[in-house]
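Residue numbers for the sequence shown follow the working numbering, beginning at 5 and rising by one. Glycine included, C-beta positions come from ideal geometry on N, C-alpha and C. Taking it in order: structure first as C-alpha cells, then the write-up.
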Amino acid sequence: MSVAEQGTEGGFGSGLRAKLQSTETPEPRSPAEAITAAAPVAEDGDAETLRLELNASLAREQELRASLNEQVEASGREVQQEQVLAEQSAALDRRAAALAATETELEERERKMTQRFVELDGLLELKETLAKTESTLAKSERTIELKVHELKTADEQRAAVAKELKEKVEDLAQKEKELARSEVRVSRGLRETEARHEKLMRSLTESEEKARAKEEQVRSLEKALAEREATLAKAEREATQSRVQVEAREKVLDKREAELAANSSGNQEELVARARELDQRELELSSRASDLTARLQQLEGELQERDTVAKDALAQLANMDRREAELMAREAEFHRQEAALRRAAEESHKPEVDELAERRLKQRDEELSAREAGLNKAEQAILASRSRYEGKEKGLDEREKVLAGRAKELEERDAALNLREAQLEAEFEVREQRLEQREKAGAELEATLSTRESDLSMYVTQLQENFDRRESEWWTKQLGSNAGESPAA
C-alpha cells in the first residue's frame, strides 16, 4: 500500500463506525464530488485539513488551467498582432505547445487523482467489509481497536507526509515565482538585444547606402579625371604641334638668317614681325601653362575630397566594429545570465515534485536556443556586411592608388611641360639675342655698305671728272695741232 493510500485510510479510519452505520451513497462522478462526498465522513481535524488541502490543490489546478488558457489566448493575439516577427511567432508557438503539454500533464494528474479516488472508493468498500466483519465478529473488538490504532498511526504518518508535501509545494511555488521573474528579465534582455540588433542593422543599411553614394562619387571623379587626362593629352598634343611649329619656325629663322647674311638690307620689318610672333607664342604657352596649373590644382582638390570620403568610410567601419563588439559583449553577458539561471534551476530541481518546472526550463532552453540561433544568424549577417565593407574598402584603396598614380603621372607631365616651356623660353631668348646681334651686325653692315657706297660714288665721280678732264684735254690738244698744220699748208 502506498503512502497516499495509507493517508486516505487513516483519514477515514476514525469514522469507521459511523460509515458502517450510514446508508450507501452513490458513486462519485468527479474528484470534486468525491471530495464533497468524503467530507462528512472525515470528522476529525486531520481529515478536514486533508479536504482543505485537496480543495486548495484543485483550485490551484483550475487557476493554472485558466492562466494557461489566458496565455494561449494572449499568445494567439500576439501572433495576430506580430505576424512580421517570425522568430517571436515561432517562440510563441513553442510556448503554446509547452502550455498544451502542461495542460496534458494537468489532465494526467487529474486522471491520477481520479484513480486515487477510485482507490479510495475501494478502501471505502473494504471498510464496509470490515464493518460487517466487526458486526459479525464482536469478539474481535480488541483486534479491530488495534487496527484502528495502527490506522491512526498511519494517519499521523500521512499528516507528516502531507505537511512535507505542502512545504515542498510552497517551495515549488516560490521557485516558480523566481523562475517567472527570471523569465521576465531574460525576455526584457532579449527584447533589448533584438532592438539593438535592429538598430544596428538599420545603421548598417544606412552605411551601405552612404558607401554606394560615395562609390558613385568616386566613379564620377574617376570619369572627370579621365576627361581631364584626355584634355591634358590633347594639350600635350597641341604642345607637341607647337614645338614642331617652333622648330619649323626656327628653320625658317635659320634660313632668314642666311638670307640676312647674304643681304642685310630690307629685313628690319621681317625681324620685327618675327619678334612679335615669338612674343605672341610665348603668351600662348604661358596661358596654357596657367590652364594646366589650374587643372592640376582642381585635380588635387578632388583627390583631397576623395581622401575625405575614404576617411569617413573608415570612421563608419570603425563605429560599426565598435557596435559589433558591444553587441557581442552584451550577448556574452546574456549567455552568462542564462547559465546562471540554468545552474539555479538545476540546484533547485526536485525530480519528485518539480516535473512542471523541469519542462518549463526545457522550454526556456529551447526558446533561448532559438533566440541564440537568431543572434548567430544576425552575427553572420554582420560578418558578411563587414566582409563586404572590407572588400569595398580594398576597392576604394586600389582606386585611390590608381588616382594617386594618375595624379603623379599628371604631375610628371606637368613638370615635363614646364621643363619644355622653360627650354623653349630659353631657346627663344637665345634666338632673340642672336637676332638682336645679327640685327645689330646687319645695321652695322648696312652702315658700312652705305659708307662704302658713298665712298664708291665719290670715287666714281672723281674718276668721271678725271676722265672728262683728260678727254677734254686730249681733244683740246688734238684740235690745237690740227689748227697749226692747216695755216702752214
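{"Query": "Ser476, buried or exposed, once every other Cβ within 10 Å from all chains shown has been counted against 16", "Result": "exposed"}
{"Query": "CB contact check: Leu110 to chain D, cutoff 8 Å", "Result": "Included in the structure is just one protein chain, with no chain D present."}
{"Query": "With 16 other Cβ atoms within 10 Å as the buried cut-off, status of Ala158", "Result": "buried"}
{"Query": "Residue nearest to Arg120 in terms of C-alpha spacing, selected from Leu58, Gly378 and Glu180", "Result": "Leu58"}
{"Query": "CA-to-CA distance, Gly378 to Arg195, given in whole angstroms", "Result": "13 Å"}
{"Query": "Cβ neighbour criterion (16 or more within 10 Å) applied to Leu56", "Result": "exposed"}
{"Query": "Nearest to Leu183 (by Cα), restricted to the options Arg363, Gly446 and Arg216", "Result": "Arg363"}
{"Query": "Rounded C-alpha distance that separates Thr452 from Leu460", "Result": "12 Å"}
{"Query": "Three or more C-beta pairs below 8 Å linking the region 121-135 and the region 93-107", "Result": "no"}
{"Query": "Candidates Asn73, Ala102 and Leu54, of which the one nearest Glu371 by Cα", "Result": "Ala102"}
{"Query": "From Gln441, Ala447, Arg200 and Glu168, residue whose alpha carbon lies closest to that of Tyr330", "Result": "One detail in the question is off: residue 330 reads as Glu in this sequence, not Tyr. It is Arg200."}
{"Query": "Distance CB(Ala410)-CB(Glu233) smaller than 8 Å", "Result": "With the sequence shown as reference, residue 410 is identified as Arg, and Ala is not the correct amino acid for it. Cβ atoms of Arg410 and Glu233: closer than 8 Å."}
{"Query": "Rounded C-alpha distance that separates Lys481 from Arg474", "Result": "10 Å"}
{"Query": "Separation of Glu450 from Tyr463, as counted between CA atoms", "Result": "19 Å"}
{"Query": "Leu110 beta carbon less than 8 Å from that of Leu176", "Result": "no"}
{"Query": "Distance between beta carbons of Gln367 and Arg189, contact taken as under 8 Å", "Result": "Not really, about 17 Å apart at Cβ, beyond 8 Å."}
{"Query": "Euclidean distance between Cα positions of Phe471 and Trp478", "Result": "10 Å"}
{"Query": "Per-residue burial, Leu407 [other beta carbons within 10 Å of its own, 16 or more giving buried]", "Result": "buried"}
{"Query": "Residues of its chain near Ala333, where Cβ-Cβ distance is below 8 Å and the 5 sequence neighbours each way are ignored", "Result": "none"}
{"Query": "Backbone CA spacing between Glu149 and Lys167 [nearest angstrom]", "Result": "26 Å"}
{"Query": "Distance CB(Glu107)-CB(Leu72) smaller than 8 Å", "Result": "yes"}
{"Query": "Separation of Leu439 from Glu457, as counted between CA atoms", "Result": "25 Å"}
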